[in-house]
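**Q** Residue numbers for the sequence shown follow my numbering, beginning at 1051 and rising by one. Sharing a structure with you now.
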Amino acid sequence: MFENIGENVLSLVSPSNILLLSILTFLLIFIYIFMFKRKKDALQNFVEEKIKVFQNVFYISEDVIIVLSNKNEILYANKAAIDFFDLKKYFKFTQLELPEIKVKNEFVDLKTLISHSIQKSEKRMNVYTNTLLIREKNIKEEIPVNLYFNTSLIKINDTVPGTILIINDMRKEKAKEQLAYKHKLTKLPNQAQALSDLNALYAKLHLNHQKIALVLMDIDNFSMLRSIVGYEQSNVVLIRFASYLEELANEFSFFVYHTVHNNFLLIMPDVESTKDILSIVNNIQHELKSFYKMGNSKLHLTASVGVSIYPDSSSTLNLLDDAYKALSNAEKKGHGRIEIYEEQQSKYDYDELKLYNDMHQALEKSEFEVYYQPIMDAKTKEIVSAEALIRWQHPEHGMIVPNVFIPIMEKTGFITDLGKYVLEEVLKQQKRWELFKFKQIAVSINLSMLELESGKFVEDVVTQLAQHQINPELIKFEITEGSAMISEESTSKQLLELKRLGIDISLDDFGTGYTSFTYLKKIPASILKIDRSLVINIVKNDEDQRIVKAMIELGHNLGMKIVVEGIENEEMFTLLSSFGSDFIQGYYFSKPLPVFEFQKLLR
Ligand code: C2E
Ligand code: MG
Ligand code: MG
């Protein structure tokens, strides 16, 4: 059997078979080589493609990626790295001058850090989230970055370690972040920035005992302005106002923020006195009056201003809220007014709606009472007149002062009822004093412009005077400067009619609004009442003295008599009478008193 096999094999080894076999072998080898090459090509293609992908990823990565030799020569650098280190003029294998990085507020050589890592054969990625300091020809630049490096992942010729350095440049993000702290329209820092700056300021407070003032201002009637001049132009107003405030801020070293809409905040980190604040606010009001022209006419703008001062007004916790409260109070009082938040105002945290509901019954239940404060002749110290000041004896809250409820009354229109009540009370009182032979003096009554709005005010006054048979010269009306400024023609007509009847008009709180002197002539007032805020510091303050003196002169030149309010002591009295004030009102003589006590003074 085996022999047969041998024979069969031998019979195969014929020359023709050998040829066939050789061809077959060649074919097989060829196929094998062909297949192998294809496989190799495919593998190579695959690897090349992968490399290409990784190269591209490496190249286009926004993070700076550099591979360094152990001598810090550049082996590979991606585009971001070329831009970041400005490597265009450098070549491969040039040494990269390594920057310094900030570690715990100190700058450390990155070179040193890398060589430490190599020495210690550190496997981990070193991470520094901090500032990178680039020194180039003595130019130091601090750049916010996240920096990573690793000295174990790469081996050159399988032995020497290289370094992979990755830098995540944070500048763009920081810029974006900063944008979030800017007002979109005016590019001034916004409310978020203000809050963060305030926190930083408060943190430093214990270092130096400084006063911080927050001055919050709202351009008055802005929505009306928008409707008149249009959206674009009113934006121009805001932009100009913002750049004006910025200039002022540089000059007087304060910070300015555009919080929202037409609302701006000034942070004054180190004010000495209220006077400084008032003087800056005055500048702003003055500028607002004239800085924007439309065609040939100027836009007469004003701003309402609320101020809170640390530590005078409030704690740091409430300072901003208090500035808003003051602003809201200023706005309630009219246009172009400034209100400084006082601690006691916080006691006025009444529920407005409840007070409004209580008001109606209060009139019926006689909870309102007219107090009288004497006004003295500055030369003879005699009582020449009195101001009627309303008080509310509330069944739950006790005595509430007018600054709390008058604004609510003005908002709701209830002020007209109160006005009628006060006038009637005063007229009745005058009659009693006449009957009981008290000294006859004029009583001035505070008038809200809203009372004139019905157009029937003068008529009502005439009726009441006739009813009580009182000489019109025995009453006067006080209107506040702020409200007088915005009053319409019909109101000044009514004031003129009152004047013709023999009823004097006083311009109250003068110096808190921003009446121009030419405008003053148009208001039919014969008495100017200089506001308490202007005389609070007058004894110590030369500039206040000059201002008040000038105001008194101005009033006299316009043929007006002058009352100075808020005289609290002998020194103030002597000073103001020497300035030529005709009349004086203040705690120095007497606080506002209930009628029973007041008439003792009249005796
Ligand atoms: P006003 O008309 O300017 O009245 C003067 C205010 O200054 C009064 O506050 C008075 O008590 C206060 N005052 C006077 N002398 C001194 C002083 O030497 N030192 C200090 N610290 N204060 C002094 P009051 O009574 O709280 O009235 C506040 C405001 O409420 C008034 O300011 C007036 O605008 C308004 N008001 C008062 N009664 C009426 C009223 O019957 N009708 C209207 N529409 N408003 C009224
Ligand atoms: Mg008054
Ligand atoms: Mg006043």
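Don't be surprised by glycine CBs; every beta carbon is placed ideally from N, CA and C. Keep in mind the model is a prediction, meaning the values are calculated, not measured.
Using the Cβ count rule (16 or more neighbours within 10 Å means buried), how would you classify F1143?
**A** Looking at its Cβ environment, which holds fewer than 16 other Cβ atoms inside 10 Å, F1143 is exposed.
**Q** Could you pull the DSSP bridge partners for T1179 from this structure?
**A** N1196, per the DSSP bridge assignment.
**Q** Write down the C-beta distance between V1357 and I1330 rounded to the nearest angstrom, noting that I regard them as a contact closer than 8 angstroms.
**A** Their Cβ separation, rounded to whole angstroms, is 10 angstroms, which puts V1357 and I1330 out of contact at 8 angstroms.
**Q** Where does F1084 sit, in a helix, a strand or coil, going by DSSP?
**A** In the structure shown, F1084 sits in a helix (DSSP, three-state: H, G or I).
**Q** Is N1496 near ligand 1, with its Cβ less than 6 angstroms from a heavy atom?
**A** Yes - ligand 1 has a heavy atom lying nearer than 6 angstroms to the Cβ of N1496.
**Q** Starting from A1263, trace the beta strand (DSSP E) in both directions and tell me its first and last residue.
**A** From DSSP, the beta strand (DSSP E) with A1263 extends over I1262 to I1269.
**Q** Return the bridge partner residues of K992 from the DSSP annotation.
**A** What is shown of the chain runs 1051 to 1653, which leaves residue 992 out entirely.
**Q** Below 7 angstroms between beta carbons: does that hold for N1218 and D1113?
**A** In contact: N1218 and D1113 (Cβ atoms closer than 7 angstroms).
**Q** Could you check the C-alpha separation between Q1395 and L1370 for me, to the nearest Å?
**A** Confidence is the limiting factor: at Q1395 the pLDDT is only 49, short of 50, which leaves the residue's position unreliable, though a coordinate-based value still follows. When rounded, the distance between both Cα atoms is 15 angstroms.
**Q** Does the distance between the C-beta of D1401 and the nearest non-hydrogen atom of ligand 3 fall short of 6 angstroms?
**A** Flag unset: Cβ of D1401 not near ligand 3.
**Q** At what residues does the beta strand (DSSP E) containing L1125 begin and finish?
**A** L1125 -> beta strand (DSSP E) spans I1124 to A1127.
**Q** Below 8 angstroms on the Cβ atoms is my contact criterion, and I expect I1577 with D1554 to pass it. Report the Cβ-Cβ distance as a whole number of Å.
**A** With a Cβ gap of about 6 angstroms, I1577 and D1554 count as contacting.
**Q** Along the beta strand (DSSP E) that carries T1530, what are the first and last residues, could you check?
**A** Its beta strand (DSSP E) spans residues I1525 to T1530.
**Q** For V1097, is the classification buried or exposed, using 16 other Cβ atoms within 10 angstroms of its Cβ as the cut-off for buried?
**A** Per the 10 Å Cβ criterion, exposed.
**Q** At which residues does the beta strand (DSSP E) containing Q1443 begin and terminate?
**A** Element bounds for Q1443: I1433 to H1444.
**Q** Provide the residue(s) that pair with F1560 in DSSP beta bridges, ordered along the chain.
**A** DSSP, once it has assigned bridges, lists I1580 as partnering F1560.
**Q** Am I right that I1262 and Y1360 are in contact with their C-beta atoms under 8 angstroms? What's the rounded C-beta distance?
**A** Indeed they touch by this definition, with Cβ atoms about 4 angstroms apart.
**Q** Quick one, are the C-beta atoms of L1215 and V1195 less than 7 angstroms apart?
**A** The answer is no: Cβ separation not under 7 angstroms.
**Q** By alpha-carbon positions, which one of T1309, D1372, D1136 and V1321 ends up nearest to I1116?
**A** Here the closest residue by C-alpha is D1136.
**Q** Figure out for me which residue from K1572, K1487 and G1561 has the closest Cα to the Cα of K1599.
**A** Ranking the options by Cα distance to K1599, first place goes to G1561.
**Q** State the DSSP-derived secondary structure class of L1643, mapped to helix, strand or coil.
**A** L1643 falls in the strand class under three-state DSSP.
**Q** When every heavy atom of ligand 2 is checked, does at least one fall within less than 6 angstroms of the C-beta of E1460?
**A** Answer for E1460: no, Cβ out of range of ligand 2.
**Q** Measuring CB to CB, does I1602 end up less than 7 angstroms from I1612?
**A** Result yes, Cβ atoms of I1602 and I1612 sit closer than 7 angstroms.
**Q** In angstroms, rounded to a whole number, what distance separates the CA positions of L1266 and L1626?
**A** Approximately 32 angstroms, taken between the alpha carbons.
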